[in-house]
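Colleague: One structure is given below, represented as structure tokens, and several questions about it will come after.
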Amino acid sequence: MIYEDYAIFTPGPVKMSEEILAIGAKQTPYFRNDKFSEVIFNCEKGLLKMLNAPEGSRVIFLTASGTAGMESAVMNLLDEKDKALVVHGGGFGGRFVEICKVHEVPHTDFSVKDTNLADIESLAPRENYTSLIVNAHETSVGHLYDLDAMGAYAKKHGLFFIVDAISMLVTDPIDMSAQHIDAVIASSQKGLALPPGLTMVILAPRAQERVKDVKSLYFNFKDYLRNGERGQTPYTPAVTIMLQLEARLAQIEREGGVAQSIAKAKEIAEYFRESIKGLPLKAYTPYMPNAMTTLTPTDGRSAIDIVNDLEKQYKVMVCPNGGPQRDIIFRVSHMGDMTKAYTDLLIDALYDYYKIERR
Ligand SMILES: *Cc1c(COP(=O)(O)O)cnc(C)c1O
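In terms of the numbering used here, the sequence shown opens at residue -16 and continues consecutively.
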């Protein structure tokens, strides 16, 4: 098995619990029956609760990676009569811009840097928009945006608010009701700590009213909403991942609910950040989520060399960046089945690598 005995700190896939792994080892069951409809209903109920979604919200389950969730949301919820303000703080924001281009949705590429948009009111271009789109955690750089401020802004200006929560769900707070969010995109392989292959689009009633007639067979939300009424999907769902999702949502509840999961992620992230203070590494942004820490070497070392050396010498996987950032930053995920003892594998490897004694 590739990398089976490696410690994993990448922002997707993330470390999965033994309970979730065990479900993946079982035979995939037949799914066009009441028994599996029950699984889908449980998944929908659990996700809506986790997001504090308004009464009457629904979930679209797609067998695809997260980008399909992003693209299908734009396709089904926006059209040429819209004007979207797309927050672009890194690679994933850039992807939303591309999606709007491909689907001919009028938009502004709202490039942002060194802000978490707490001041969106003064930073946003003064134009008449219909929609606001953001990746709540811009995973390419580890930057968390202020959903409270953005939600208040969306409400004030009557904007339809789409949030990609893929890499902050379960580790950082999000509340569809309080933050006036109309549509949320989730995906299996990040905070939910499941295998890749399942993406979910959560639609508040306002979003369901907006669903368009789209030129697509597979990504037709109307079809999913209709089938979902009886706990089914139009096409084969990611059956095993949905069984794992059902178990994962129950696991989160059992451990005290999502607030407790967020508190645990925060504790692990802070433990890591505090523990590496003796090393020549500094935080890349002041707006870090609990989900991840992005680090810049301060001793002239190249970030990509550190990533490669950790893998080769210590069997520890952290995440490199591409392009011009490959030498400047690397990323450490705190998502998934993390403990302080597991995080110590990375911390100890780093101290040994730098030949500095850990105190
Ligand atoms: C990982 C991620 C995605 C989805 O990427 P896929 O490779 O398509 O699963 C989308 N948005 C954000 C913010 C992500 O971190």
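Ideal Cβ positions, reconstructed from N, Cα and C, are used throughout, including at glycine. These figures come from a predicted structure and were not determined experimentally.
Who are the near neighbours of A51 in its chain, counting only those whose CB is closer than 8 Å to its CB and skipping five residues on each side?
Modeller: Cβ within range, chain order: L45, T182 and F202.
Colleague: For P108, collect the residues of the same chain with a Cβ closer than 8 Å to its Cβ; drop the 5 residues on either side in sequence, then sort them by chain order.
Modeller: The residues are L68, T91 and F93.
Colleague: Helix, strand or coil: how does DSSP classify R109 here?
Modeller: Residue state, collapsed to three classes: coil.
Colleague: Tell me whether K397 counts as near ligand 1, meaning its Cβ is closer than 7 Å to at least one heavy atom of that ligand.
Modeller: Nothing about residue 397 can be reported from this structure: the residues present for the chain run from -16 to 342 only.
Colleague: Counting Cβ pairs, one atom from each stretch, are 3 or more of them under 8 Å apart for the stretch 169 to 177 and the stretch 281 to 295?
Modeller: With the cut-off at 8 Å, the stretch 169 to 177 and the stretch 281 to 295 do not touch.
Colleague: Any chance the CB of T276 is under 7 Å from a heavy atom of ligand 3?
Modeller: The model on display carries ligand 1 but not ligand 3.
Colleague: With a threshold of 7 Å (Cβ to nearest heavy atom), would N55 be considered close to ligand 1?
Modeller: According to the sequence as given, residue 55 is Ser; it is not Asn. No.
Colleague: Would a C-beta distance cut-off of 8 Å place L262 and L333 closer than the cut-off?
Modeller: Contact flag set, yes.
Colleague: Please report the distance separating the alpha-carbon of S248 from that of H317.
Modeller: It should be pointed out that residue 248 corresponds to Ala in this sequence rather than to Ser. A248 and H317: Cα-Cα distance of roughly 7 Å.
Colleague: Could you check how far apart the C-beta atoms of M271 and G125 are, in whole angstroms? I think they sit under 8 Å.
Modeller: 6 Å between Cβ atoms; contact.
Colleague: Along the chain, where does the beta strand (DSSP E) containing L181 start, and where does it finish?
Modeller: Start and end: L181 to L186.
Colleague: From E253 to E27, what distance separates their C-alpha atoms?
Modeller: Their Cα atoms are separated by approximately 32 Å.
Colleague: Go ahead and label R209 buried or exposed: buried means 16 or more other beta carbons lie within 10 angstroms of its beta carbon, across all protein chains shown.
Modeller: Label assigned to R209: exposed.
Colleague: Can you tell me whether D282 is buried or exposed, with buried defined as 16 or more other CB within 10 angstroms of its CB?
Modeller: That one is exposed.
Colleague: Please classify P220 as buried or exposed, where buried requires at least 16 other C-beta atoms within 10 Å of its C-beta.
Modeller: Classification for P220: buried.
Colleague: Flag S316 as yes when its Cβ comes closer than 7 Å to any non-hydrogen atom of ligand 1, and as no otherwise.
Modeller: S316 Cβ: outside cutoff for every heavy atom of ligand 1.
Colleague: Determine whether the beta carbon atoms of I185 and S40 lie at a separation below 8 Å.
Modeller: In this structure, S40 lies closer than 8 Å to I185 by Cβ.
Colleague: Who are the Cβ neighbours of D158 in its own chain at under 6 Å, not counting the five residues just before and after it?
Modeller: Excluding residues within five positions, the ones whose Cβ falls inside 6 Å are N35.
Colleague: Go ahead and pull the three-state DSSP assignment for F255.
Modeller: Helix.
Colleague: Would the beta-carbon of D165 fall within 8 Å of that of A132?
Modeller: Going by C-beta atoms, D165 is not nearer than 8 Å to A132.
Colleague: Only counting the same chain, and skipping five residues up and downstream in sequence, which positions put a Cβ closer than 8 Å to that of E63?
Modeller: The answer, listed in chain order, is E87, V88 and P89.
Colleague: Which residues share a DSSP beta bridge with H90?
Modeller: The partner list for H90 (beta bridge, DSSP) reads A67.
Colleague: I'd like to know whether the C-beta atoms of N59 and V241 end up nearer to each other than 8 Å.
Modeller: No; because the gap between Cβ atoms is not below 8 Å, this pair is not in contact.
Colleague: Measure the C-alpha to C-alpha separation of S123 and N273 and round it to an integer number of angstroms.
Modeller: Roughly 15 Å separates the two Cα atoms.
Colleague: Rank E110, K139, S160 and V57 by C-alpha distance to the C-alpha of V117 and give the top, closest one.
Modeller: Of the listed residues, the one whose Cα sits closest to V117 is V57.
Colleague: Look at the alpha carbon of I43 and the alpha carbon of D331, and state the distance between them as a whole number of angstroms.
Modeller: If you take the alpha carbons of I43 and D331, they lie about 42 Å apart.
Colleague: Could you check if V85 is buried or exposed, using at least 16 other CB atoms within 10 Å of its CB as the buried criterion?
Modeller: Flag for V85 reads exposed.
Colleague: What's the C-alpha gap between A246 and F255?
Modeller: Cα to Cα, A246 sits roughly 14 Å from F255.
Colleague: Hey, how far is the Cα of V80 from the Cα of V(-3)?
Modeller: Whole-angstrom Cα-Cα distance: 27 Å.
Colleague: Is it buried or exposed, T322, if we count other Cβ atoms within 10 angstroms and call 16 or more buried?
Modeller: Result: exposed.
Colleague: Have a look at E212, F143, D147 and A169 and flag the residue whose alpha-carbon is nearest the alpha-carbon of E192.
Modeller: Measuring from the Cα of E192, the nearest candidate turns out to be F143.
Colleague: Entirely within the stretch 274 to 336 and at least 3 residues each: give me those beta strand (DSSP E) ranges in chain order.
Modeller: Runs of the beta strand (DSSP E) inside the stretch 274 to 336: 275 to 280 and 313 to 316.
Colleague: Write down the C-beta distance between S48 and P179 rounded to the nearest angstrom, noting that I regard them as a contact closer than 8 Å.
Modeller: The Cβ separation is near 6 Å, so the contact holds.
Colleague: For T223, tell me which candidate among I3, V167 and A135 has the shortest Cα-Cα distance.
Modeller: Checking every option, the nearest Cα to that of T223 belongs to I3.
Colleague: Here's the rule I'm using: 16 or more other beta-carbon atoms within 10 Å means buried, otherwise exposed. How should G141 be labelled?
Modeller: Exposed, since its Cβ has fewer than 16 Cβ neighbours within 10 Å.
Colleague: So H163 packs on A137, CB below 8 Å; how close in whole Å?
Modeller: Right, the Cβ-Cβ distance comes to about 5 Å (below 8 Å), so this counts as a contact.
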